[in-house]
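Encoded as structure tokens, the structure appears first; notes follow it.
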Amino acid sequence: MTRVPVRRVAPVVVTIVCAVYVPRLLPQAAALSERLLPTPVVDTVGPLVRLACLAVAAVFGLRSAARLERDNPARGPWFLLGAWLALFTLGQVGLVYYPLVARAPTPLPSIADAAFLLGYALLIAASVRFVFVYRAAGFPVGSAREHLGIAAGAAAAMAIVGYPVLAPIARAPVPLGERLINIAYPILDLIALVPALVMLRITRAFRGGKVWAIWGSLLAGCALMAAGDILFAFFSSANMTAFGPGVDMMLLLGYFAAACGTMLQYETITD
């Protein structure tokens, strides 16, 4: 199978994504962007591209797990990671179905949310297990006290940042189900970022190598997804749609970064 040169393709894709979405956020360029690429086209192609990125990420995540030996302690976490991305793929299928197939507004909550919420549980479990796997491997990744300190500090920072963001969402005059979903995603994102930040410290030991590139991509993906979810929850609760392109851009870049990470992992273990 011909391998995709991820390091060469990634900058091109990121540039194209930003060129499509950033002008739509600028009043001076929004009208020209609309004429060149009408909103219905972007709203049709964008979700399909996000779906493709998630599907690629899930396939290579699961294939990476399958290629590891059965006694390899990283095999389980990689299966969890691949399953997280597979569930997110199913959730994205649900989001694509409503506007593109049923020609109806996407309800909130919807069946897609069940897949996304379950996926978060697997992501958090995978991130925590990866921390223990890398610690047990004997790499120079820092002490347990340092990791606990990072986790505690990150949790405190998430709580400090999360409260002013979540409070207006919790008070928003929207149906209860929509409010709960809008609160759930940012909370789960912030929880998932705690072990992700510990992994960021751990992977510093591999700076400049393939492991650093893999985890840099995966952690960037998680951070971008979190930003997209938080922005969506905040602006949808306020009935503001102007930043919709920004949310779409964050999520697309996040899914693409996750796909780059799993593809790099597969390349690494098959070399």
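Under the numbering used here, the sequence shown has 24 at position 11, and the numbering climbs by one with no breaks. Don't be surprised by glycine CBs; every beta carbon is placed ideally from N, CA and C.
Checklist entry - Got a sec? Which residues, its chain only, sit under 6 Å from Gly234 by beta carbon, not counting five neighbours each side? => result Gly267, Ala270, Ala271
Checklist entry - Leaving out five residues before and five after Val26 in sequence, what residues of the same chain have Cβ atoms less than 8 Å from its Cβ? => result Phe269
Checklist entry - Apart from the five residues just before and just after Leu131, which ones in its own chain have a Cβ nearer than 8 Å to its Cβ? => result Leu100
Item to check | First and last residue of the uninterrupted alpha helix (DSSP H) at Thr102 | outcome: 88-109
Checklist entry - Whole-angstrom Cβ separation of Arg214 and Gly155, contact assumed at under 8 Å? => result 6 Å
Checklist entry - Ordered along the chain, which non-local residues of its own chain (more than five positions away) have a Cβ less than 7 Å from that of Val211? => result Val144, His160, Ile163, Ala164
Checklist entry - What is the DSSP secondary structure of Leu210, counted as helix, strand or coil? => result helix
Item to check | C-beta atoms of Leu67 and Gln41 nearer than 8 Å | outcome: no
Next on the checklist: Within 8 Å, do at least three Cβ pairs link the region 78-89 to the region 115-133?
Outcome noted: no
Checklist entry - Can you tell which of Asp284, Thr216, Tyr198, Pro258 has the C-alpha that lies nearest to the C-alpha of Arg148? => result Thr216
Checklist entry - Is it the case that the Cβ atoms of Leu325 and Gly190 are separated by a distance below 8 Å? => result Past the boundaries of the shown model lies residue 325; the chain is included only from 14 to 284, so the question cannot be answered.
Checklist entry - With burial defined as no fewer than 16 other Cβ atoms inside 10 Å of the residue's Cβ, what is the status of Cys31: buried or exposed? => result exposed
Next on the checklist: Which residue wins for smallest C-alpha separation from Met263, given the options Val19, Val33, Val22?
Outcome noted: Val33
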